[in-house]
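Peer 1: Mind the numbering: the sequence shown is residues -26 to -1, 1 to 564 in mature numbering (1 follows the signal peptide of the UniProt record, and there is no 0), read in order.
Note that beta-carbon positions come from the ideal geometry of N, C-alpha and C, so glycine has one too.
I have a structure I would like to understand better, so I am pasting it below and will then ask my questions one at a time.
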Amino acid sequence: MKAKLLRRLAVLSAAAIVLLSACTFRKTQNDGDALIWGTRNGYEDFLKLADQTYPDIVLDYSPYAGPNRTSYDWAQMRGDDIPDIFITTRNLDPDLAGKRLADLSGFDFTEHISSGVLDQASVDGGVYLLPVNGSVHGIYYNKTLMEEHNWAVPSDLTELEALCGQIRAAGMTPGLVGTKLNDDPFSTVFNVAKTDWLSTPEGADWEQEFLSGGAPAAGIWETAMEDVQRYIDMGMFSADLKERSNQDLIDEELGNRRTMFFTSMLDVSTTELPTGDQLGMMPYLSRDGSKNVYIYQPSAYIGISRRLTEPGNEKKLEDAVRLLSLLYSPEGQAVFSGKLKPCLLSPLDNEEIPEDALIYDAWQAQREGRIAPVTYTGWEHVLYDMGKVFKRWLQGEEGLDGQTCISLMDALQTSYLSHPDNTDVCESTANFTLEETAALAGKALGNAAGADAAMIPVASFYKKGDLLSAGISGKLYKGMIDADIISTVSPGYDGEYAVLTMTGAQVREMAEEGFNLSGKGDAYPYVLVTKGGASLEDDQTYQVAFLTRSYTKQAGELYHARLEEGSFTDIFREWLKEQQSVSPDGNPWE
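Right, here's the structure in full:
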């Protein structure tokens, strides 16, 4: 469909909404040969390689440019509206992925993937989302200094305690934890727990129950907190009272030989310290050494839509498998690596890692299944506050110990789950198209602005180098709507909106022209909604609401744009709360 025609069809009113489907993946699947790839961001070099290797494969891309890509990925997953090649930064719902994605375990390219990676990705024997690659984390140490003292890397907590005594006798601090941010104290405590029970299936079950409010930390976390206290007592988890950045800590403390170990989730860009000493990395150590683990943080996950396994999509499935086969080849993985990424670990089983590499031991651990996924997904809302509690513990705050931390974990999670912002605000009774979502957004904005009409640009197609951050690029799907869902359909820019003074003729002309901030390529179409579904008279003057940055500078000057403070996300949430339920053909703006 031509872009000019799309722009004209997108001139909508509340009384008569013309529905577009240029951005609907299901339609693209049936009508075109293009394979829809989830996102270009971060995959530019690989996609260049893919184009060189398979010039016959035609790719198109998701136009999403909102502020919450990961949550939108999973909103699409719940709405059964995912792109052909599904890419997401986090695996939020493995069971749902098993329903929406093709089982990759039977394809030849999985034979080259580490068994440890496949085991972690397995859901009831199937593999639906695979990590593209990831960073591996452990405990950094000054490798050169260890070798000069003829100190062996410890293999359990008892050996570590003995080594810490030798380090103190040599006039150094055994270890530091980065405490400038709360993320590292949070990860430090949880990573120690993974040397005990948190990395087991029972630990995974507890985590899901705790996050949903069905299980406490009390009665479960005591042994893990005892191990953390043991690390603290031996001097391994000393807090940096100066709260320097992680890189400064490594350079100044390990580089100047004042401290031996450093615990952080930092991805270092070099293994050489400023003084010329070399960095090493060891795992988090368990009590007897039998459960030592490294932590693996995938950069992203990738899968293939199950739609491609249906009759009629054989060619697209073949193309998708060719792309993933290239991705999981040495050539494909090489485009992501480099000298500045010494912590990057490929999922390939046949990758050769030099014995002197920083991640050599972690690579062996991956092959042996001694690697655990990072804890982040589901904890985002309490991570900061829990990390702050653990930070105070590491800093030696009086009266704060492991048992108190457990109680505060329970209290923080209970508080989060009971907060009004974390409850559902509205129900969507059906799936919305992109244009219907924009019309709904326009009603909310126009109502809040006291305007006569609202014009909302929509990302109805992918525009390379010029994604629509100022408009609507995500759809609402059937189900309950909470603050997280609202963020998925909000524009990338927020904090203010504008009201322009225009005649009816000027409104229609601008709507037909569309929005093209860069002046290059096709314009994005506007969706126009009017109060009460009223028709706009050519010569009459109207107040028209716009999202911030969703009109050109020239239009703002010509139509005397009046900027107003106000978050669209907040406006939309309050409006949805008043509506209680929304549907594509309902919720008139009166």
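In angstroms with no decimal places, state the Cα-to-Cα distance between residue 567 and P29.
Peer 2: The chain is shown only over -26 to 564; residue 567 falls outside these bounds and no answer can be derived.
Peer 1: Do P347 and Q94 come within 8 angstroms of each other at the CB atom, strictly closer than that value?
Peer 2: Position 120 of the sequence shown, counted from the start, is the residue given in the question as residue 94. Position 373 of the sequence shown, counted from the start, is the residue given in the question as residue 347. Yes.
Peer 1: Have a look at S524 and V463 and give me their C-alpha separation to the nearest angstrom.
Peer 2: One-based indexing of the sequence shown puts residue 524 at position 550. One-based indexing of the sequence shown puts residue 463 at position 489. Cα to Cα, the separation comes out at about 15 angstroms.
Peer 1: What would DSSP say about M255, mapped onto helix, strand or coil?
Peer 2: If you number the sequence shown from 1, residue 255 lands on position 281. Correct three-state label for M255: strand.
Peer 1: From the DSSP secondary-structure annotation, give me the bridge partner or partners of V556.
Peer 2: Start at 1 with the first residue of the sequence shown, and residue 556 comes out as number 582. DSSP output for V556 lists S402 as bridge partner(s).
Peer 1: Can you tell me whether DSSP reads Y205 as helix, strand or coil?
Peer 2: The count along the sequence shown starts at 1 and reaches residue 205 at position 231. Here Y205 sits in helix by DSSP.
Peer 1: Determine the direct distance from the alpha carbon of N65 to that of G100, and round the result to whole angstroms.
Peer 2: Position 126 of the sequence shown, counting from 1, holds the residue named residue 100. Position 91 of the sequence shown, counting from 1, holds the residue named residue 65. Going by the C-alpha atoms only, they are around 15 angstroms apart.
Peer 1: Assuming V518 is part of the beta strand (DSSP E), what are its boundary residues?
Peer 2: By one-based count along the sequence shown, residue 518 stands at place 544. Per DSSP, the unbroken beta strand (DSSP E) holding V518 starts and ends at T515 to L521.
Peer 1: Below 8 angstroms CB to CB, which residues in the same chain sit around V127 once its five sequence neighbours on both sides are set aside?
Peer 2: Taking the sequence shown and counting its residues from 1, the one referred to as residue 127 is at position 153. Cβ within range, chain order: Y115, M120, G254 and M256.
Peer 1: Threshold first: 3 residues or longer. Then list the beta strand (DSSP E) segments lying entirely within the stretch 221 to 286, N to C.
Peer 2: If we require 3 residues or more, the beta strand (DSSP E) runs fully inside the stretch 221 to 286 come out as 233 to 237, 253 to 256, 268 to 272 and 275 to 278.
Peer 1: Could I get the ranges of all uninterrupted beta strand (DSSP E) runs contained in the stretch 140 to 194, with 3 residues as the minimum, in chain order?
Peer 2: Entirely contained in the stretch 140 to 194, the beta strand (DSSP E) runs reaching 3 residues are, in chain order, 147 to 151.
Peer 1: How long is the line joining the alpha carbons of R14 and E409, rounded to whole angstroms?
Peer 2: Taking the first residue of the sequence shown as position 1, residue 14 is located at position 40. Taking the first residue of the sequence shown as position 1, residue 409 is located at position 435. If I take the Cα positions, the gap works out to 23 angstroms.
Peer 1: Which term fits P175, buried or exposed, when burial requires 16 or more other beta carbons within 10 angstroms of its beta carbon?
Peer 2: Counting from 1 along the sequence shown, the entry for residue 175 is found at position 201. P175 should be labelled exposed.
Peer 1: Restricting to runs no shorter than 3 residues, where is the beta strand (DSSP E) found entirely within the stretch 29 to 113?
Peer 2: 33 to 35, 59 to 62 and 108 to 111
Peer 1: In chain order, what residues of the same chain have a beta carbon less than 7 angstroms from the beta carbon of C400, not counting five sequence neighbours either side?
Peer 2: Within the sequence shown, numbered from 1, the residue matching residue 400 stands at position 426. Once the five neighbours on either side are set aside, the close Cβ partners of C400 are I455, L550, K551, Q553, Q554, S555 and V556.
Peer 1: Would F236 and E246 qualify as a contact pair, given that the criterion is a beta-carbon distance under 8 angstroms?
Peer 2: As a position in the sequence shown, residue 236 is number 262, starting the count at 1. As a position in the sequence shown, residue 246 is number 272, starting the count at 1. No; because the gap between Cβ atoms is not below 8 angstroms, this pair is not in contact.
Peer 1: According to DSSP, what are the bridge partners of E538?
Peer 2: Taking the first residue of the sequence shown as 1, we reach residue 538 at position 564. Answer by DSSP bridge pairing, in chain order: Y471.
Peer 1: With three or more C-beta pairs closer than 8 angstroms as the rule, is the stretch 267 to 282 touching the stretch 336 to 347?
Peer 2: yes
Peer 1: Look up A427 in the DSSP assignment and say whether it is helix, strand or coil.
Peer 2: Here residue 427 refers to the residue found at position 453 of the sequence shown. Strand.
Peer 1: In chain order, what residues of the same chain lie with their CB nearer than 7 angstroms to the CB of T118, ignoring the 5 residues before and after it?
Peer 2: Within the sequence shown, the letter at position 144 stands for residue 118. Excluding positions up to five away in sequence, the list reads D251 and Q252.
Peer 1: Could you pull the start and end residues of the beta strand (DSSP E) that M454 belongs to?
Peer 2: Taking the first residue of the sequence shown as 1, we reach residue 454 at position 480. First-last of the beta strand (DSSP E) with M454: G453 to I455.
Peer 1: Would you mind stating whether I446 and A415 have Cβ atoms separated by less than 8 angstroms?
Peer 2: Stepping through the sequence shown from its first residue, residue 446 is reached at position 472. Stepping through the sequence shown from its first residue, residue 415 is reached at position 441. Going by C-beta atoms, I446 is nearer than 8 angstroms to A415.
Peer 1: For H393, does the count of other Cβ atoms within 10 angstroms reach 16, so buried, or fall short, so exposed?
Peer 2: Mapped onto the sequence shown, residue 393 falls at position 419. The residue in question, H393, is exposed, as its Cβ has fewer than 16 Cβ neighbours within 10 Å.
Peer 1: Can you tell me the Cα-Cα spacing of D559 and G507, whole angstroms?
Peer 2: Numbered from its first residue, the sequence shown carries residue 559 at position 585. Numbered from its first residue, the sequence shown carries residue 507 at position 533. If you take the alpha carbons of D559 and G507, they lie about 12 angstroms apart.
Peer 1: What separation, rounded to the nearest whole angstrom, lies between the Cα atoms of R43 and Q514?
Peer 2: Within the sequence shown, the letter at position 69 stands for residue 43. Within the sequence shown, the letter at position 540 stands for residue 514. About 41 angstroms.
Peer 1: Whose C-beta lies closer than 6 angstroms to the C-beta of L259 among residues of the same chain, with five residues either side of it excluded?
Peer 2: Position 285 of the sequence shown, counting from 1, holds the residue named residue 259. Here the set comprises D130, L131, L134 and N266.
Peer 1: For residue 588 versus S299, is the C-beta spacing smaller than 8 angstroms?
Peer 2: Outside the displayed span of the chain (-26 to 564) sits residue 588, for which this structure offers no information.
Peer 1: Quick one: any contact between the stretch 176 to 194 and the stretch 289 to 303, if contact means 3 or more CB pairs under 8 angstroms?
Peer 2: no
Peer 1: Shortest alpha-carbon distance to N324 belongs to which of V309, K438, F310 and Q340?
Peer 2: For the purposes of this step, residue 324 is taken as the residue at position 350 of the sequence shown. Here the closest residue by C-alpha is Q340.
Peer 1: Hey, would you say D458 sits closer than 8 angstroms to A479, going by beta carbons?
Peer 2: What you label residue 458 is simply residue 484 of the sequence shown in a count that begins at 1. What you label residue 479 is simply residue 505 of the sequence shown in a count that begins at 1. No, Cβ-Cβ distance for D458 and A479 is not below 8 angstroms.
Peer 1: By Cβ distance below 7 angstroms, which residues in the same chain neighbour K290 in space, the five residues on each side in sequence not counted?
Peer 2: As a working mapping, residue 290 is identified with position 316 in the sequence shown. Cβ neighbours of K290 beyond the five flanking positions: L9, D58 and L282.
Peer 1: Put I345 into one of helix, strand or coil per three-state DSSP.
Peer 2: For the purposes of this step, residue 345 is identified with residue 371 of the sequence shown, where counting begins at 1. In this structure, I345 counts as strand in the three-state DSSP scheme.
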